[in-house]
Amino acid sequence: ASRAVTPCQRRFCDIPVVVDCAVLVWNLFLVWFYFGYGPSTIHSDMVSRRRILSRSRDDLNLDSGNTFTPPEDEEDVWYQRDKLYKDHIQEVLDKWTQIDDEIWAKVIVLERNRRVAKAYARAPVLTINGSDDGFDGFRIGLCGFDNPMRDPKTEDLKKHIGHGVKVKMDDQGNILVKRVSKCNVYVKNTSAGEDTSIGGDVLKLPNCSLEPEKPVKLFDMKKFQANVSREMRRAYPDRKTLESQCLSALA
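Each residue of the sequence shown is one higher than the one before, counting from 54 in the working numbering.
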């Protein structure tokens, strides 16, 4: 997924990660692990976002390769999904000119309605799993973040995440995801309207539940470009409709 989004800016990913747990990724890449979250064909060539569209960064010291920002208390709690999406899109837009070209995703880790971590992806392939490693630049271990408000059910569910998923951006601006976990992984639609940029192969799956070891398009750049073109032909184009398509959510 991509930063929030003018027609030419859909490339950055904010994935929400929530356990009841999800990951919110922004192209914005949101990785949400709701409580059910429960030899790669993806090669490791570095992709520059600028070669695809325009590029980005965020409120981090981007001089360091691996960046993790711990959240602050009640400022990191949401009670409405629309506000959750809106706030994270705005965070990216506010820092758009500061985001390094190599950063292709912003990942938000959520447990229920509380954000427990933010991370910025530079690695060609990002692994999101159930380890206790936190963030090391290549992996996000969802059991490696503190949450004083974590409930027993979430604690138990996190133990079943296992190998999780692998996510990458290809040289066309698509965001690919592959399930490597034995547990179910679901793609959640974040779009405000009927249009979506989720890949067609994902939408055909029952409940958008990913199949094991099969890479699919979490975000389809061609679909997004078509949606932008269609929206721009309307008498009153709605920017928010396009922005919401720049979020990718896994649960």
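Quick reminder that beta carbons are idealized off the backbone N, C-alpha and C, glycines included.
All values reported here derive from a predicted model rather than from experimental measurement.
{"Item": "Bridge partners - Ala288, DSSP secondary structure assignment", "Value": "Paired residue(s): none; Ala288 is not in a bridge."}
{"Item": "Helix, strand or coil at Gly197 according to DSSP, with G and I counted as helix", "Value": "coil"}
{"Item": "Ser262 beta carbon less than 7 Å from that of Asn237", "Value": "yes"}
{"Item": "Cβ pair count under 8 Å reaching 3, the region 174-181 against the region 249-258", "Value": "no"}
{"Item": "Beta strand (DSSP E) segments (min. 3 residues) lying fully within the region 122-184", "Value": "158-164, 167-174 and 178-182"}
{"Item": "Cβ pair Ser244, Gln298 closer than 7 Å", "Value": "yes"}
{"Item": "Rounded straight-line distance, which links the Cα of Arg287 to that of Asp186", "Value": "47 Å"}
{"Item": "Cβ shell of Trp131 (< 6 Å), same chain only, five flanking positions each side left out", "Value": "Leu137 and Asn166"}
{"Item": "Start-to-end residues for the alpha helix (DSSP H) that takes in Val255", "Value": "Gly253 to Leu256"}
{"Item": "Helix, strand or coil at Phe272 [DSSP, three-state]", "Value": "strand"}
{"Item": "Lys206, enclosing beta strand (DSSP E) - first and last residue", "Value": "Where Lys206 is concerned, there is no enclosing beta strand (DSSP E), although the alpha helix (DSSP H) it sits in stretches over Pro205 to Lys211."}
{"Item": "Lys257 classed as buried or exposed, judged by whether at least 16 other C-beta atoms fall within 10 angstroms", "Value": "exposed"}
{"Item": "Where Tyr173 falls, given that 16 or more other Cβ within 10 Å makes a residue buried", "Value": "buried"}
{"Item": "Simplified DSSP state of Val233, which is helix, strand or coil", "Value": "coil"}
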